[in-house]
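Worksheet: one structure, shown below.
Residue numbers (the numbering used here), protein chains in the order written: chain S, 1 to 167; chain Z, 1 to 70.
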């Protein structure tokens, strides 16, 4: 078989995975997830259209999440009156681990569980923590992988920009 | 033929590998996945017990008469 044909076949195999990745300019996946610790309630991401939303993937075993969660909570409290929402998608294997983490680092924004990885797969999460800042039209505008003090400052500027622009 | 057999063997062995996505690392963070799974001090305790179980104590670093009295 010709090498060119083999390369073409490998590219074709890689395409579906590349197409799934959510990046800036892409639409937020239309997906729902159960609330953390209360599977009877579900949160649909599509219903948050019209607001600036930050979808954050976190876990108790993720070290930078100890920094990102309080920082996101501060941003949420500061900007929620202007239409900013945060949704924390938990990636712990056991819910108990997440709840123990929340006893130390309590947050006021809504949290959902993702036991079957459906939400993480829909976003094609590449790192922990990962955050997707979505504008009022449901379009992902910024993606943050990892979290440092600089990320918090960048995020504040981006949120201000999206809340101000009306997009 | 040999190459084909090697490729087949590699393919079979590769089937045993499972990629762990970044968001699935909670499985690797479980206590039973640790290098020292049963808690702090276990490896040290095993190191002490193992030679006794195998009747291999003595002679590691100190010379002795082989009396078996440890």
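From the three backbone atoms N, C-alpha and C, an ideal C-beta is built for every residue, glycine too.
* **residue 132 of chain S: first and last residue of the uninterrupted beta strand (DSSP E) it sits in** => For the purposes of this step, residue 132 of chain S is identified with residue 132 of the first chain, where counting begins at 1. Counting along the chain, the beta strand (DSSP E) containing residue 132 of chain S begins and ends at 130-134.
* **C-alpha distance - residue 136 of chain S paired with residue 24 of chain Z, whole-angstrom precision** => Taking the first chain and counting its residues from 1, one reaches residue 136 of chain S at position 136. Taking the second chain and counting its residues from 1, one reaches residue 24 of chain Z at position 24. Cα-Cα distance, rounded: 30 Å.
* Report the three-state DSSP secondary structure of residue 30 of chain S (helix, strand or coil). => Position 30 of the first chain, counted from the start, is the residue given in the question as residue 30 of chain S. It is coil, neither helix nor strand.
* State buried or exposed for residue 129 of chain S, treating a residue as buried only when at least 16 other CB atoms are found within 10 Å of its CB. => One-based indexing of the first chain puts residue 129 of chain S at position 129. Residue 129 of chain S comes out buried.
* Please state whether DSSP places residue 120 of chain S in a helix, a strand or coil. => As a working note, residue 120 of chain S is residue 120 in the first chain. In this structure, residue 120 of chain S counts as helix in the three-state DSSP scheme.
* Could you tell me how far apart the beta carbons of residue 73 of chain S and residue 108 of chain S are, in whole angstroms, since I believe they sit closer than 8 Å? => Within the first chain, residue 73 of chain S is the residue found at index 73, counting from 1. Within the first chain, residue 108 of chain S is the residue found at index 108, counting from 1. Confirmed, Cβ separation roughly 6 Å.
* To do: List the DSSP bridge partners of residue 154 of chain S.
  => On the first chain, residue 154 of chain S is found 154 positions in, with the first residue counted as 1. Beta-bridge pairing links residue 154 of chain S to no other residue.
* At what residue ranges does the segment 9-54 of chain Z contain a whole run of the alpha helix (DSSP H), taking only runs of 4 or more? -> Whole alpha helix (DSSP H) segments, 4+ residues: 42-53.
* **The beta strand (DSSP E) enclosing residue 42 of chain S, as first and last residue numbers** => Taking the first residue of the first chain as position 1, residue 42 of chain S is located at position 42. DSSP places residue 42 of chain S in the uninterrupted beta strand (DSSP E) bounded by 38-44.
* **Interface residues of the segment 20-36 of chain Z facing chain S [CB-CB below 9 Å]** => 21, 22, 23, 24, 25, 26, 27, 28, 29, 30
* Asked: If contact means a Cβ-Cβ distance below 9 Å, which residues of the segment 50-81 of chain S contact chain Z?
  -> Within the segment 50-81 of chain S, those residues whose Cβ lies closer than 9 Å to any Cβ of chain Z are, in chain order, 57, 59, 60, 61, 62.
* Asked: In terms of alpha-carbon separation, which member of S:149, S:125, S:148, S:142 lies closest to residue 22 of chain Z?
  -> Taking the second chain and counting its residues from 1, one reaches residue 22 of chain Z at position 22. Nearest C-alpha to residue 22 of chain Z: S:125.
* Less than 8 Å between the CB atoms is what I'm expecting for residue 139 of chain S and residue 52 of chain S, so what's the real figure, rounded? => Position 139 of the first chain, counted from the first residue, corresponds to residue 139 of chain S. Position 52 of the first chain, counted from the first residue, corresponds to residue 52 of chain S. About 11 Å; that fails the 8 Å criterion.
* Cβ pair residue 169 of chain S, residue 82 of chain S closer than 7 Å -> This structure leaves residue 169 of chain S out entirely; chain S is present only between 1 and 167.
* Give me whichever residues DSSP pairs with residue 92 of chain S in a beta bridge. => Position 92 of the first chain, counted from the start, is the residue given in the question as residue 92 of chain S. Its beta-bridge partners do not exist; DSSP assigns none.
* Asked: Are the C-beta of residue 153 of chain S and some C-beta of chain Z separated by less than 7 Å?
  -> Position 153 of the first chain holds residue 153 of chain S. Taking a beta-carbon distance threshold of 7 Å, residue 153 of chain S does not count as an interface residue toward chain Z.
* Taking 7 Å as the cut-off, decide whether the C-beta atoms of residue 29 of chain Z and residue 61 of chain S are in contact. => Indexing the second chain from 1 puts residue 29 of chain Z at position 29. Indexing the first chain from 1 puts residue 61 of chain S at position 61. The answer is yes: Cβ separation under 7 Å.
* Asked: From the beta carbon of residue 17 of chain S, is the nearest beta carbon of chain Z less than 7 Å away?
  -> Position 17 of the first chain, counting from 1, holds the residue named residue 17 of chain S. Legend: pLDDT at residue 17 of chain S = 47, less than 50; position of this residue unreliable, value from coordinates given subsequently. Chain Z contact via Cβ: absent.
* If the cut is a Cβ gap below 9 Å, which residues of chain Z does residue 93 of chain S touch? -> Here residue 93 of chain S refers to the residue found at position 93 of the first chain. Simply 24, 26, 27, 29, 30.
* To do: Taking all protein chains shown into account, decide if residue 120 of chain S is buried (16 or more other Cβ within 10 angstroms of its Cβ) or exposed.
  => One-based indexing of the first chain puts residue 120 of chain S at position 120. Its Cβ being crowded by 16 or more others within 10 Å, residue 120 of chain S is buried.
* Go ahead and pull the three-state DSSP assignment for residue 114 of chain S. => To locate residue 114 of chain S, count along the first chain from 1; it is residue 114. The answer is coil: DSSP assigns residue 114 of chain S none of H, G, I, E or B.
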